[in-house]
Structures are given as C-alpha cells and as structure tokens.
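Mapping of the sequence shown onto the working numbering: residues 2 to 699, in sequence order. In this text, a Cβ means the ideal position worked out from N, Cα and C, and glycines have one as well.
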Amino acid sequence: MDPVIVVGAGPVGLSVALALARLGVPSVVLDETPGQEETRPARTAVLRPDTAAFVGRLGCADALESAGTRWTAWRIMRRRRLVERVAFAPRTPDDAAGPAPASPVHLPQHALTRALRAALAREKLAEVVTGSRLADLEQDEHGISAHTRGPNGTWWRGSYLIGCDGPRSTVRKLLDIRFPGRTAVERHAVAALRCELPWPGEALLHRSPPRQGSGPGSEVSARPLADGLWRLDWLLPPGRELVTPDALVARIRDSLAGWSGTSPAEPGTGSTGTGPDGDGNRWHGPGRLVPPYELLDTGVHTVHHRLARRWRQGRAFLAGDAAHLLGALGTQGLDEGLRDAENLAWKLGLAWHHGASELLLDSYQAERRGAVAARLRAADQALPLLRDGRSVRWRTVLPGAARGRSTLLTDGHLGRGPLGAPPVYARTPLAPPAGAADGPLVETVPGAPVVDVAVTASDGSVVRLHDRLGQGLLVVLVAPGTTVWDRRHWQSAGLMPRLTSAVAALPMPAELLVTESYPGAAAHTVLLVRPDGHLVTALAGVRPEEMTACAEAVRGGAHGRGAGAARRAGSEGAPVRPAGAGGPVGAGGPGGLGTSGTSGAAPEIDRPDSSDTPDSSDVSGAFGASGASDGAERGGSGERTTGADGATDAGGATGARGAAEGRNGGAEGGETTGSAGTAGAPSPVDPVGTSMLHSESD
Numbered sequence: 002m003d004p005v006i007v008v009g010a011g012p013v014g015l016s017v018a019l020a021l022a023r024l025g026v027p028s029v030v031l032d033e034t035p036g037q038e039e040t041r042p043a044r045t046a047v048l049r050p051d052t053a054a055f056v057g058r059l060g061c062a063d064a065l066e067s068a069g070t071r072w073t074a075w076r077i078m079r080r081r082r083l084v085e086r087v088a089f090a091p092r093t094p095d096d097a098a099g100p101a102p103a104s105p106v107h108l109p110q111h112a113l114t115r116a117l118r119a120a121l122a123r124e125k126l127a128e129v130v131t132g133s134r135l136a137d138l139e140q141d142e143h144g145i146s147a148h149t150r151g152p153n154g155t156w157w158r159g160s161y162l163i164g165c166d167g168p169r170s171t172v173r174k175l176l177d178i179r180f181p182g183r184t185a186v187e188r189h190a191v192a193a194l195r196c197e198l199p200w201p202g203e204a205l206l207h208r209s210p211p212r213q214g215s216g217p218g219s220e221v222s223a224r225p226l227a228d229g230l231w232r233l234d235w236l237l238p239p240g241r242e243l244v245t246p247d248a249l250v251a252r253i254r255d256s257l258a259g260w261s262g263t264s265p266a267e268p269g270t271g272s273t274g275t276g277p278d279g280d281g282n283r284w285h286g287p288g289r290l291v292p293p294y295e296l297l298d299t300g301v302h303t304v305h306h307r308l309a310r311r312w313r314q315g316r317a318f319l320a321g322d323a324a325h326l327l328g329a330l331g332t333q334g335l336d337e338g339l340r341d342a343e344n345l346a347w348k349l350g351l352a353w354h355h356g357a358s359e360l361l362l363d364s365y366q367a368e369r370r371g372a373v374a375a376r377l378r379a380a381d382q383a384l385p386l387l388r389d390g391r392s393v394r395w396r397t398v399l400p401g402a403a404r405g406r407s408t409l410l411t412d413g414h415l416g417r418g419p420l421g422a423p424p425v426y427a428r429t430p431l432a433p434p435a436g437a438a439d440g441p442l443v444e445t446v447p448g449a450p451v452v453d454v455a456v457t458a459s460d461g462s463v464v465r466l467h468d469r470l471g472q473g474l475l476v477v478l479v480a481p482g483t484t485v486w487d488r489r490h491w492q493s494a495g496l497m498p499r500l501t502s503a504v505a506a507l508p509m510p511a512e513l514l515v516t517e518s519y520p521g522a523a524a525h526t527v528l529l530v531r532p533d534g535h536l537v538t539a540l541a542g543v544r545p546e547e548m549t550a551c552a553e554a555v556r557g558g559a560h561g562r563g564a565g566a567a568r569r570a571g572s573e574g575a576p577v578r579p580a581g582a583g584g585p586v587g588a589g590g591p592g593g594l595g596t597s598g599t600s601g602a603a604p605e606i607d608r609p610d611s612s613d614t615p616d617s618s619d620v621s622g623a624f625g626a627s628g629a630s631d632g633a634e635r636g637g638s639g640e641r642t643t644g645a646d647g648a649t650d651a652g653g654a655t656g657a658r659g660a661a662e663g664r665n666g667g668a669e670g671g672e673t674t675g676s677a678g679t680a681g682a683p684s685p686v687d688p689v690g691t692s693m694l695h696s697e698s699d
C-alpha cells in the first residue's frame, strides 16, 4: 500500500510522520523549506503534560529535558499584590502523581522542531523531501496524488494525505475548504532576554503592573526558559499600535525595574546610562535601577481565531494551523496541533494495515474539530469579561471579581478548565454500543484522558501507563497486590488466563497491563484505553463479548474497504520513493508513490499577491512593525498563496474592516492589513455538530 503523504515539516507534520512510523506506516514529508530551522528564542512552545508525553514517546524526551524547562510555580499578580500562586509537583524518579499539578514544558520552538527532525532522520519508514512546494492534488478511490514544484518537483502517490502546512495551507485551498473566523483577537509584543528575576523558575502573569503608562487592561507575562532565559509578553491595546524598537525597550525596562522593587526612570529626570548598549544595562538615580539583561530576540505575536469548515475530504486531512488557529488567554495552538497528530496517526495506522470504515476516518473531524471549537467558544465568551474592563458586568456573571478573573486567566496558561484542560471525547462516534459498558466504575469518564498510573507489562517491567500509548488498544486490569507477589504466580492465576485469551482475540492490536490501583476503581476492574490515551470504557471483571464489542467500536465497526493484507502484499518495508513514469498521477503499484514523466504537467495555480495573507510565524520579525505593510511578507519561502478564503470578522466585532481582511486566510503570528475591530467581541455559539465560527459571506 502507498505511503502517507504529509505536507509541511513543522512540529505537527513531523510528529504525525513519527507517530505513523512507530505504527509501521511509511510516510513522505513534503517540506517547501531548505530544511534549516531559523533560531528564534522569542518563538517558544508551551507543552501540557499530555502533549509533552506524546512528544517524548516519539523519541524527543532528551530534548525536552535539555532544551526545555519545567516551572516550579505559576503566580498571578495585580498591581503590587500577589493574587494567586500555584505550585507545581516536583519531578520525581517515578513521576508519581501527587496532589499538585504537573508543570508544562516550555522550550523554543526551533529546538522542538530540530529534535523532531533528528528523530525522523533515524526512521527507515519516513523521508523528508526538502524544497518541495505543493502545487496540485488529485485523488481517487485507491489513493491520492500530490504534485510538487521546486528542485524535487514531481508527482507523489500516497494512500492518504495530511495537510500540516500552516495557516495559509495550500492543501486547504486546493480542497476548497473555508477557514472563517476572527482576525487579530489579541496582539502581544514579545521579547526573549537573559536576566535574573526575583522568582527564579516561576512563571508570572502580571495584571495592571504599576509602571508608567499602564492602564486597567494592561498585562505582561514572564515565563522562564532554560539557561537563564525568559520570554516576556506584553498585551497590546486594541488597534494598530506601531511597536517601535524604542517602545519595546522602554517596556522591558519598565517591567524589570518594577519587578526589582524600584521605579523606572522617567523621561527628563536626568537618568544616566544608555540601557542595553551601555553602562551595564542600568539606569542610575534614586530608585531608578534596571537589573542587567541581555536582549536576544523580539517580535509581535498576533492571535487569530479560525476554524476550518471540514478537516477531512476523501483521503485528505487537515491538522494543526491548517485546520485551526487559537491562542488567546493562554490557549496553545501547538498543543492542539499535537493532539491532532496523535488522534489521526493511530486511525490512519489501522486504516493502512487493516482497512478502515468511513466512521473511523470521520471520527477524526468529529472529535478534534469539536474539541477545538469548544476551546474557541470558551475563549470568545471569556474575552469580553476579561478585556473590556467592565467590573460591573463581570460581577453579574461570577461573584468575587478579582478571584474569578484570576482563575479564568490562569486556566488557559495552566491547562485546566474549558480554556486549557485536555479534551474529553464524550460524543465520539467510536463510543461503545449500548449495553457494552457498565457505567461509572472509575473516576475517569469515557472519552476522557486516563490517569498516568504505574503499570506492570507482560515482560515484568513496571512503567507508566502513558509510556505504553500509541501502539494499540491497552487493556488494564486493576489487581491490588500484584507488586507483592512474583509475576510468575499471578500471571497464571485468577482472572489472568481468561483475560489474556480475551485480549488475544480482540479485533485490533492490544496489550495487557496490570496496575495496583486506579482512581475510583475496585479490584478486578478492566479498563480499555485507546491508543491516544482516552478511556473507552471500564468493565467489572473479564467479559470477552463486551471487550470485543468495545474494540469493534474503537476501530469503526467495520473491516475496511478492501485495503487488507492482500493489497499490501510485498509492500511492507518498501522504500519511500517516487515510482516510475506512466501518466499524470503515476501508475506506481503497491509500495510506490507514482511519478509522472514530466514534472511540469500540472497547471500553475493562480495566486493573488502575497499581501492578501498575513505572516504565519509566531513572532513576526524584529519589533513586528504594523501598519500598511503588516502581513505583506510571506513566512518561510515567500511563496504566493492561493485564492481567497472569504474569512471576515466572525464574532460581531465592531470597527471598520480593511479591504484585505475578507480575503486573508488568517495566520497565527502575523499582522493583517485590515482592521480587526474590538478584541473580545463574542462569536455565536452554534449547536453541536455545526460550525462555531461564521463569516458574513457564508
């Protein structure tokens, strides 16, 4: 069977290719860049515990520890008062779960991407083809073909295709999928610097800091990185404020001076020293000391909220920024992109090896789009309460205004509540049939992520439950006392022989694990866990028929569309390569990718000027100057983008819209040429199963 084509070599594209390789599925990653990741200290990623664990399972655990940092605490301040401090659980040798929450991992995105590239380079079933710009797509009932231009321009033949090519996704445009939403929901000035702050290792969100020019809606965050680095973000007021180098340096000095317990020098007061270019980064004078710092990188990060109408069309799928954009109030778009990769990889693994029903393939959109839509909906509802400064309106919604605001602001940053908690697929189409589950036997509800308890594998090793995810269905027996007795005794006693036989008879790959305890579970409870760590169901005792019914539901309840072992004969382990010539979409047999004899057979796509779309980087260049030139530069290679998405302000936001806003596809980190209106205006909340965001042209 043909490999899976992955378009885009960012963290999401590389992760899904690695996850497929772990499942024995070959893939080819089409990368339009030269393959060299730009070093940008101010462009960072915050990975929640579940996505950090996923990246670690892909072979990047060492990189997370060396290049990333885990915060010791999170604090939120208002003016000079500490409102809340959340201490994170310390790292322990066995990572035993405790009452304190686990810290996220904060690291530069270029370090993450390089680690993923290095891991992928060690995989025999995956290949990254640089300098390959997607130009056209064709698909039929047997596979999908992608035409690329550039040094490696050719036709590639694949079984499935995943578009991970960012906010201005060419895959999305070629599939004619709309990308409506809101532009410039929030804007932040960003700086990466080396310095010492009064709370080493702790992240801070400071509201209305007591410095010159701060207003009731001002906000700055400081998040530590490895090697004494910090990322600082200043929330910019609504509008098109131009962030100049002098203005950003003034923000840095104001913040550092305020946190050090002194006041920054005011213009015209006779302060001496020249800041970062002279006199040790200090301003002198009574109470006017700025701690030494080294400025490494700056930019402007603009948050857009957008959601693709469809995430699957035939054999093509969207993931990451190509499918969604979010980031207001501490939500993390990369987190959601990595969850897309994990969710889709195991489903395509089943499809590639055993064939898949339409229900299994459609469940990717149903689960992931529903989860991201809920996240966007929560952010759009919270923004007016947190950003418009109307305390009276806030008190009518939630008593205890200061505490309520702080909690809501903290949720997105710490990965809890509607703004940040891992998704629960309560309405998944892969739910077990009625009568195949007992009910609430454990504290984890069906569809929610399972708790990372210690488990004993069949070889006797004791590992964490999350370490076994990704390969197949996990069947976990709760059996107190198993660590006391020798494994040779309990493996052949009690329920184990019958349970072992039941697991071996399941219609999909499965592994049997044993745990001493699980929250809320009685002895002899059997948990079925999906490859992405979400609970299928919990059963009281060994019940082979119910276990089989649940496994059938997880795999979509069908045996596929004739893509079984017969079609894969001779293809396993086949190298990823362009196959021989023979027509515009190629005629490569199983295991081949099919290339035409003429690389230029496909017509050139008609693309408007690149200024129609904003910059896609997280941090849009040095100091991120806005204005008429905002978004004129195309991130990456400078390729012009295809037709209009028709996306306009979808949230009822007020203010004039620029001529380009209705055409842009949105981008996570760039500016736009049109006016975004008032940040935080609520968007309509649609019933389940419908789109959450609308553009006026829909």
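Under 8 Å between C-beta atoms of Ala43 and Gly338: Not in contact: Ala43 and Gly338 (Cβ atoms no closer than 8 Å).
Outcome for Val530 when other beta-carbon atoms lying within 10 angstroms are tallied against a minimum of 16: Looking at its Cβ environment, which holds 16 or more other Cβ atoms inside 10 Å, Val530 is buried.
Quick check on the DSSP output: what are the complete alpha helix (DSSP H) runs of length 4 or more inside the stretch 489 to 560, in order along the chain? Every alpha helix (DSSP H) of 4 residues or more that sits fully in the stretch 489 to 560 is shown, in chain order, as 497 to 505 and 545 to 555.
Within its chain, find whatever has a CB closer than 7 Å to the CB of Ala503; leave out the 5 residues flanking it on each side and keep chain order. Closer than 7 Å at Cβ, skipping near neighbours: Val543, Pro545 and Met548.
Simplified DSSP state of Leu112, which is helix, strand or coil: Position check: residue 112 holds Ala in this sequence, whereas Leu was assumed. Correct three-state label for Ala112: helix.
Hey, how far is the Cα of Arg81 from the Cα of Pro211? Cα to Cα, the separation comes out at about 7 Å.
Option nearest Ala422 by Cα separation, candidates Ala317, Leu442 and Val451: Minimum Cα-Cα distance from Ala422 among the listed residues Ala317, Leu442 and Val451 corresponds to Val451.
His354 lies in the alpha helix (DSSP H); which residues open and close that run? For His354, the enclosing alpha helix (DSSP H) begins and ends at Gly334 to His355.
With DSSP as the reference, please indicate the residues paired to Val87 in a beta bridge. The bridge partners DSSP lists for Val87 are Trp75.
If we ignore side chains and look at the alpha-carbon of each, how far apart do Ala10 and Ala480 end up? Rounded to whole angstroms, Ala10 to Ala480 spans 44 Å at the Cα level.
Tell whether a beta-carbon distance below 8 Å holds between Arg232 and Val191. Yes, these two residues count as a Cβ contact at 8 Å.
Of all the options Gln37, Leu327 and Leu249, which has the alpha carbon lying nearest to the alpha carbon of Asp234? It is Leu249.
Just verifying my parser: in three-state terms, what is the DSSP assignment at Leu260? One detail in the question is off: residue 260 reads as Trp in this sequence, not Leu. In this structure, DSSP gives Trp260 a helical state, which the three-state scheme calls helix.
What three-state label does DSSP hand Ile253 in the structure shown? Ile253: helix per DSSP, three-state reduction.
Distance check for Trp75 and Val87, CA to CA, integer angstroms please. Each residue's alpha carbon lies about 5 Å from the other.
Secondary structure at Pro225, three-state DSSP: helix, strand or coil? Strand at Pro225.
Do you know offhand how far Leu205's Cα is from Ala506's? Per the coordinates, the alpha-carbon of Leu205 lies some 52 Å from the alpha-carbon of Ala506.
Quick check on DSSP: helix, strand or coil for Arg23? Looking at Arg23 - three-state DSSP - the assignment turns out to be helix.
Is the number of C-beta pairs between the stretch 28 to 35 and the stretch 175 to 187 that are closer than 8 Å three or more? The stretch 28 to 35 is not in contact with the stretch 175 to 187.
I want to know whether the stretch 505 to 519 touches the stretch 467 to 479 - three or more CB-CB distances under 8 Å. Yes, the stretch 505 to 519 is in contact with the stretch 467 to 479.
If you run the structure through DSSP and keep just helix, strand and coil, what is Ala309? Ala309: coil per DSSP, three-state reduction.
Supposed contact pair Ala435 and Thr303 - C-beta distance, whole angstroms, cut 8 Å: Not confirmed; about 47 Å, so no contact.
Would Arg465 and Asp453 be called neighbours here (beta carbons separated by less than 8 Å)? Result yes, Cβ atoms of Arg465 and Asp453 sit closer than 8 Å.
4 or more residues per run - each alpha helix (DSSP H) lying fully within the stretch 147 to 193: Assignment of alpha helix (DSSP H) within the stretch 147 to 193, counting only whole runs of 4 or more residues, yields 171 to 175 in chain order.
Using a Cβ distance threshold of 8 Å, determine whether the stretch 355 to 373 contacts the stretch 410 to 422, with at least three qualifying pairs required. In short, these stretches do not touch, since the Cβ pair count stays below three.
Taking buried to mean at least 16 other C-beta atoms within 10 Å of its own C-beta, is Pro91 buried or exposed? An exposed status is given to Pro91, since fewer than 16 other beta-carbon atoms sit within 10 Å of its beta-carbon.
Grab the span of the alpha helix (DSSP H) containing Val56 for me, first residue to last. Run containing Val56: Pro50 to Val56, per the alpha helix (DSSP H) assignment.
For Gly60 and Trp312, the rounded distance between their alpha carbons: Between the C-alpha atoms of Trp312 and Gly60 there is a straight-line separation of about 27 Å.
For Pro385, does the three-state DSSP call read helix, strand or coil? Helix, per DSSP.
Comparing C-alpha positions only, which one of Thr501, Thr526, Asp533 and Ala317 sits nearest to Cys165? It is Ala317.
If you draw a straight line from the C-alpha of Leu308 to the C-alpha of Leu386, how long is it? Their Cα atoms are separated by approximately 22 Å.
For the pair the stretch 332 to 348 and the stretch 10 to 23, tell me if three or more CB-CB distances fall below 8 Å. Under the Cβ criterion (8 Å, minimum of three pairs), the stretch 332 to 348 counts as touching the stretch 10 to 23.
Using DSSP with H/G/I as helix, E/B as strand and the rest coil, what is Val13? DSSP, read as helix, strand or coil, puts Val13 in helix.
Tyr426, DSSP secondary structure in three states: The answer is coil: DSSP assigns Tyr426 none of H, G, I, E or B.
Gly356 versus Ile6 - alpha carbon distance: Inter-residue distance for Gly356 and Ile6 is about 17 Å (C-alpha atoms, whole angstroms).
How far does the beta strand (DSSP E) with Glu139 in it reach, from first residue to last? Arg134 to Gln140 is the span of the beta strand (DSSP E), which, as asked, contains Glu139.
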